[in-house]
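K.L.:
What follows is a structure written as structure tokens; I'll ask about it next.
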Amino acid sequence: MADRGIARAFVVGHPIAHSRSPLIHGYWLETLGIPGSYERIDVHPDSIGRFLAGLPRSGFAGGNVTIPHKEAAHRAADRLDEAAELIGAANTLWLEEGRLAAGNTDAYGFAANLDAEAPHWRKGRTALVLGAGGAARAVLFALKEAGFGDIRLVNRTLSRARELADRFGAGISAHGWEAAGALAADADILVNTTSLGMGGEGAPPVEVALLPDGAIVTDIVYVPLETPLLAAARGRGLRAVDGLGMLLHQAAPGFERWFGTRPEVTPALRGRIVADLEAHK
Ligand code: ATR
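Heads up, the working numbering is the position in the sequence shown plus 12, with the first residue counted as 1.
Structure representation (structure tokens):
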């Protein structure tokens, strides 16, 4: 937190108008009575290097980084936390002794959401992960940290799944889509990290009927909250956890760094964001 005056934080992306982060941090600032600010900043990819290099002298305590700048933030930082280092992308920035520090709280957000909504997920050992993009990296980090020893990574483009399996080391196997059904039969958790289901369109080609009773199904997509995959899981009697909680929980560590208080993810906060999602359908 800044020593003097009002702490200021930001979210930087391109485009940035759609970001819900200002609503989340604004809610916490307001309800905790903290006189800080959190603003949206649109920075073109051509200028992100300059923006990041200028942060130590900007007056900002730090901020969030979103698409397409997470890799640039990882590259620009003087210090990285363990998650950002392994994931290869950073979503949270702060200053340490005048130097730019970067972390990745997406894996924390993924785990904290499941801790809140399906705490028995930590007893699982076998996971089926769909997709091998940026979001999959955070999910793999969280699953490994939670002790999953058999993680099956399924992707349309097999080479991308192989790359991630190599990066994250032992316990992760890479497969093409056609293998998903067979790999589902003894999975404790199914995680969709692909964009399939966004806007209610399409669903990953995995039959939830093939999952064992007691499996958890979660999606990082949160528009709509109930994706076709989650609806199918619920229909099958499985525990289904939506992706909004991950977004809310990933925000908390940054807020604490910039404003000095650890905020809580409450039903009221969730309600505020759900109302905004509904209003912008
Ligand atoms: P993010 O960083 O949000 O994860 P990304 O890096 O573009 O986004 O990754 C998107 C993921 O969704 C990828 O795993 C992608 O599969 P490919 O690696 O084969 O491209 C997956 N995906 C997107 N559209 C898809 C589709 N129509 N069918 C199957 N997979 C799809």
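Using N, Cα and C, we set each Cβ at its ideal position, and we do this for glycine too.
GLU290 by DSSP, collapsed to three states: which one?
P.N.:
It is helical.
K.L.:
Between PRO68 and the rest of its own chain, which residues show a CB-CB distance below 8 Å, the 5 nearest in sequence each way excluded?
P.N.:
Once the five neighbours on either side are set aside, the close Cβ partners of PRO68 are LEU107, GLY110, ARG111 and LEU112.
K.L.:
Between the Cα of ARG269 and those of ALA227, GLY249 and LEU105, spot the shortest distance and give me the residue it belongs to.
P.N.:
Nearest option by C-alpha distance: LEU105.
K.L.:
Closest to GLY266 by CA distance: which of ASP127, TYR120 and ARG149 is it?
P.N.:
With distances taken between Cα atoms, GLY266 lies closest to TYR120.
K.L.:
So does THR239 have its beta carbon nearer than 6 Å to some heavy atom of the ligand ATR?
P.N.:
THR239 Cβ: outside cutoff for every heavy atom of the ligand ATR.
K.L.:
Report buried or exposed for GLY75, applying the criterion of at least 16 other Cβ atoms within 10 angstroms of its Cβ.
P.N.:
Per the 10 Å Cβ criterion, buried.
K.L.:
Helix, strand or coil: which one does DSSP assign to GLY25?
P.N.:
Strand.
K.L.:
By Cβ distance, which residues of its chain are closer than 7 Å to GLY146, with the 5 residues on each side in sequence left out?
P.N.:
Once the five neighbours on either side are set aside, the close Cβ partners of GLY146 are LYS82 and ALA101.
K.L.:
Note down, in chain order, each residue of its chain lying with its Cβ closer than 7 Å to the Cβ of ILE18, except the 5 sequence neighbours on either side.
P.N.:
If we look at ILE18 and ignore the five residues flanking it on each side, its Cβ neighbours are PRO47, GLY48 and SER49.
K.L.:
Would you call the segment 214-226 in contact with the segment 146-164, where contact means no fewer than 3 C-beta pairs closer than 8 Å?
P.N.:
Contact between the segment 214-226 and the segment 146-164 is absent, because fewer than three Cβ pairs lie under 8 Å.
K.L.:
Would you kindly report the start and end of the unbroken alpha helix (DSSP H) that includes ASN125?
P.N.:
It spans 118-129 - the alpha helix (DSSP H) in which ASN125 sits, taken as one unbroken run.
K.L.:
Is it the case that the CB of SER207 approaches a heavy atom of the ligand ATR more closely than 6 Å?
P.N.:
SER207 Cβ: within cutoff of the ligand ATR.
K.L.:
Taking the C-alpha atoms as reference points, what is the distance between LEU170 and ALA144?
P.N.:
Approximately 9 Å between the Cα atoms of the pair.
K.L.:
I think ARG174 touches ALA186, with their Cβ atoms under 8 Å apart; what is that distance to the nearest whole Å?
P.N.:
With 8 Å as the limit, ARG174 and ALA186 qualify as a contact, their Cβ atoms being about 4 Å apart.
K.L.:
Assign LYS156 to one of two classes, buried (16 or more other C-beta atoms within 10 Å of its C-beta) or exposed (fewer than that).
P.N.:
Looking at its Cβ environment, which holds 16 or more other Cβ atoms inside 10 Å, LYS156 is buried.
K.L.:
Please report the distance separating the alpha-carbon of LEU208 from that of LEU140.
P.N.:
Roughly 16 Å between the two C-alpha positions.
K.L.:
Could you tell me the boundaries of the beta strand (DSSP E) in which ARG294 lies?
P.N.:
Because the chain in this structure spans residues 13 to 293, residue 294 falls outside the shown range and cannot be described.
K.L.:
Check the C-beta distance from GLY255 over to VAL233 and give it rounded, since I have them as a contact under 8 Å.
P.N.:
At roughly 5 Å, the Cβ-Cβ gap stays under 8 Å, so GLY255 and VAL233 are in contact.
K.L.:
Leaving out the 5 sequence neighbours to the left and right, which residues in its chain are closer than 7 Å to GLU129 when beta-carbon positions are compared?
P.N.:
Closer than 7 Å at the Cβ level, and outside the excluded window around GLU129, lie VAL253 and GLY257.
K.L.:
Taking the beta carbon of ALA264 as the centre, do at least 16 other beta carbons fall within 10 Å, making it buried, or is it exposed?
P.N.:
With 16 or more Cβ atoms within 10 Å of its Cβ, ALA264 is classed as buried.
K.L.:
Where does HIS56 land, buried or exposed, given buried means 16+ other C-beta within 10 angstroms?
P.N.:
Its Cβ having fewer than 16 others within 10 Å, HIS56 is exposed.
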